[in-house]
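Enquirer: Here's a structure for you.
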Amino acid sequence: MTRSFITFISEYYKKIMMNRLLNNMSWLFILNFTNKIIPFFTFPYITRIFLPEGFGVISFSLAFIAYFQVFIDYGFNLTGARKVATVEDDEKELSRVYSTIISTKFLFFLISVPLIIIITLYNDTLFIYREIIFIFILMALSNVLMPTWLFQGIQRVKDMTIISLSVRIIFMISVFTFVKSPEDLALYAILYSGSFLIIGIVSMILIDTKIKVKFCKISIKNITDMIRDGFYVFTSSAVISVMASTGVFVLGLFYSAEYSGYYSGIEKINQVITMLFYSIGQAIFPYHSNT
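Take any residue in the sequence shown, note its place counting from 1, add 291, and you have its number in the working numbering.
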């Protein structure tokens, strides 16, 4: 009878976890869909306003900043989600992991900012687009604040998705309302990067007030251990992410922003298609880490 009871509990637990997995997968798909499809909706409008050259400036600048975003993320969407999944029932340890990852990302951001400025000022092509590039430093900061990995690990992606969807809709309305001429290129960059920053800030407020994960005191050793543990995942995932941005960046660097615009427009279609498979992998990873 004891064995039957244990079997029943085990099967019941697996059923609950599977439901959480499917629910998490669905919300991850919606989150990624929102991140890709709403900018896709604004794509015809901004290419008409900015023309391929203006859109190419945006794409080229984003591709340059993307290299530093990869560095700041450091593969935490995988390793961070795994660590969170293994300690989600331990409030003290969860807060320590959260504080360590945020601190590590902020350290990488502080390293990235002067590099972005120096490279931009000393490269002739990047120097031309310095205003847009410097605005997009906000994108790098948003990567520090964006706690997708935490919501994945505790399998509460629904909260993150609702925040992201709400802000994205406001962003889309703002673009159609305020962006009216080619001179509004900087304004579009502010709206675009600002939307990511707001998502990060609101998410962190939610974590503090609803999920009850708090910043706590950590040591240098916590950060170095986190960097060491995530190094191999970072290097393997970074190659894929860097290659995704290199086409747009190289075209803009050695040819013109207009070519970057054309290439980026075509690439967006491919991103929407691959998004489905990426969501499945993101959802399954923390689930297996916790079983």
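Note that CB positions come from ideal geometry on N, CA and C, so glycine has one too.
Does the beta-carbon of Asn414 have 16 or more other beta-carbons within 10 angstroms, so that it is buried, or is it exposed?
Expert: Asn414 comes out exposed.
Enquirer: If you follow the alpha helix (DSSP H) that Met437 is in, where does it begin and where does it stop?
Expert: That residue, Met437, is in no alpha helix (DSSP H); it is neither H nor E in DSSP.
Enquirer: To the nearest angstrom, how far is the alpha carbon of Val348 from that of Asp381?
Expert: 46 Å
Enquirer: What residues in its chain sit with their C-beta under 7 Å from that of Leu417, if we drop five residues either side in the sequence?
Expert: Excluding positions up to five away in sequence, the list reads Phe355, Ile410, Thr411 and Ile424.
Enquirer: In or out: Met517 buried (at least 16 other Cβ within 10 Å) or exposed?
Expert: buried
Enquirer: Taking just the CA atoms, how far does Gly491 sit from Val388?
Expert: 18 Å
Enquirer: With DSSP as the reference, label Arg447 as helix, strand or coil.
Expert: coil
Enquirer: What ranges does the alpha helix (DSSP H) occupy inside the segment 467-543, keeping only unbroken runs of at least 4 residues that lie completely in it?
Expert: 476-497
Enquirer: Expressed to the nearest angstrom, what Euclidean distance is found between the alpha-carbon atoms of Ser317 and Ile419?
Expert: 42 Å
Enquirer: Decide if Asp520 is buried, meaning its Cβ has at least 16 other Cβ atoms within 10 Å, or exposed.
Expert: exposed
Enquirer: Near Ile329, what residues of its chain come up, given a Cβ to Cβ distance below 8 Å and the 5 sequence neighbours on each side ignored?
Expert: Cβ within range, chain order: Arg459, Ile460, Phe462 and Met463.
Enquirer: With DSSP as the reference, label Ser317 as helix, strand or coil.
Expert: helix
Enquirer: On the three-state DSSP scale, how would you describe Gly371?
Expert: helix
Enquirer: Which residue wins for smallest C-alpha separation from Thr439, given the options Ala431, Lys396 and Val448?
Expert: Val448
Enquirer: Counting only runs that start and end within the segment 374-411, where is the beta strand (DSSP E) found for 3 or more residues in a row?
Expert: none
Enquirer: Straight-line CA distance for Ile393 to Asp364?
Expert: Roughly 10 Å between the two C-alpha positions.
Enquirer: Starting from Phe418, trace the alpha helix (DSSP H) both ways and give me its first and last residue.
Expert: Asp415 to Ile419
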